[in-house]
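Novice: In the numbering used here, the protein residues as written are 92 to 317.
1. Start and end of the beta strand (DSSP E) containing residue 226?
2. Note down the Cα distance separating residue 142 from residue 151, rounded to an integer number of angstroms.
3. For residue 232, which of 223, 224, 238 and 243 has the nearest alpha-carbon?
4. Using three-state DSSP, classify residue 268 as helix, strand or coil.
5. Check whether the Cβ of residue 222 sits closer than 7 Å to any heavy atom of the ligand FMN, and report yes or no.
6. Could you please give me the residues that DSSP links to residue 174 through a beta bridge?
7. List the endpoints of the continuous beta strand (DSSP E) containing residue 245.
8. Using three-state DSSP, classify residue 240 as helix, strand or coil.
9. Spell out the partners DSSP gives residue 127 in its beta bridges.
10. Could you round the C-beta distance between residue 226 and residue 274 to whole angstroms and report it? I think they count as a contact, below 8 Å.
11. Near residue 277, which residues of its chain fall below 8 Å by C-beta distance, leaving aside the five closest residues on each side in sequence?
12. Where do the N-terminal and C-terminal ends of the alpha helix (DSSP H) with residue 278 fall, by residue?
13. Which value, in whole angstroms, describes the spacing of the CA atoms of residue 111 and residue 163?
14. What does residue 234 pair with, by DSSP beta-bridge criteria?
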């Protein structure tokens, strides 16, 4: 079972404000922000609410990053997860959200501060990651909450892991294949509505997310006029 918390030491700016995840899934927090309900207690409590979410995905994405992920607008009940072995060429097509940037530091594992990084040490020894990253199969061309286009193969969780793996690929010490959770959105769109508290409906969010961003619309206009 995946037990280590594999997140970057410094997180990028996270854009909150819209979520399709039920607050009933949120891990309980004690008096200290570090006093978080352990996965071993949280998973039995919420498992029936996440029938399509594998345990490993639930632990590393929903439990560990409930308050941090910028992808909580993706409805968990409409996501399906398939574990696939991916090659280096397939992983090369995966892109980060713009908050992280897409110019990986291919010498990151050579930095002195990474010599004692548990995740880095683990991956150097194993030639792969300790848990599969999550990659969205964005065949619908969704946008993020800021209206920016998401890539065809968009990384949802595992930014430190993918960065380190690309370092290993540069060194030539990575394994030939690496397990990836491929995330797919199944059919069915929520209706537009406003709840009793005045919150924007899920349907409105999906309409926004599926509308091409301004810079993409402008690019299409220019291409037609060229």
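Beta carbons: idealized from backbone N, C-alpha and C, even for Gly.
Specialist: Checking against the coordinates, here is how it stands:
1. Within the chain shown, numbered from 1, the residue matching residue 226 stands at position 135. Secondary structure note for residue 226: its beta strand (DSSP E) is the uninterrupted segment 224-228.
2. Translated into positions along the chain shown, residue 142 becomes position 51. Translated into positions along the chain shown, residue 151 becomes position 60. Pairing residue 142 with residue 151, the inter-Cα distance amounts to about 16 Å.
3. Position 141 of the chain shown, counted from the first residue, corresponds to residue 232. Ranking 223, 224, 238 and 243 by Cα distance to residue 232 puts 243 first.
4. For the purposes of this step, residue 268 is identified with residue 177 of the chain shown, where counting begins at 1. In the structure shown, residue 268 sits in a strand (DSSP, three-state: E or B).
5. The model on display carries no ligand, and the ligand FMN is accordingly not part of it.
6. Residue mapping note: residue 174 aligns to position 83 of the chain shown, counting from 1. Looking at the DSSP assignment, residue 174 forms a beta bridge with 272.
7. In the chain shown, counting from the first residue as 1, residue 245 sits at position 154. Where residue 245 is concerned, the enclosing beta strand (DSSP E) stretches over 244-248.
8. To locate residue 240, count along the chain shown from 1; it is residue 149. In this structure, residue 240 counts as strand in the three-state DSSP scheme.
9. Residue numbering aside, residue 127 sits at position 36 when the chain shown is read from its first letter. DSSP lists 120 as the beta-bridge partner residues of residue 127.
10. In the chain shown, residue 226 corresponds to position 135, counting from 1. In the chain shown, residue 274 corresponds to position 183, counting from 1. Indeed, because the Cβ distance is near 7 Å, the residues count as touching under 8 Å.
11. Taking the first residue of the chain shown as 1, we reach residue 277 at position 186. If we look at residue 277 and ignore the five residues flanking it on each side, its Cβ neighbours are 169, 170 and 171.
12. For the purposes of this step, residue 278 is taken as the residue at position 187 of the chain shown. Looking at the DSSP string, residue 278 is not in any alpha helix (DSSP H), and its letter there is neither H nor E.
13. Reading the chain shown from its first residue, position 20 is the one you call residue 111. Reading the chain shown from its first residue, position 72 is the one you call residue 163. Distance between the alpha carbons of residue 111 and residue 163: 6 Å.
14. Taking the first residue of the chain shown as position 1, residue 234 is located at position 143. Looking at the DSSP output, residue 234 bridges to 240.
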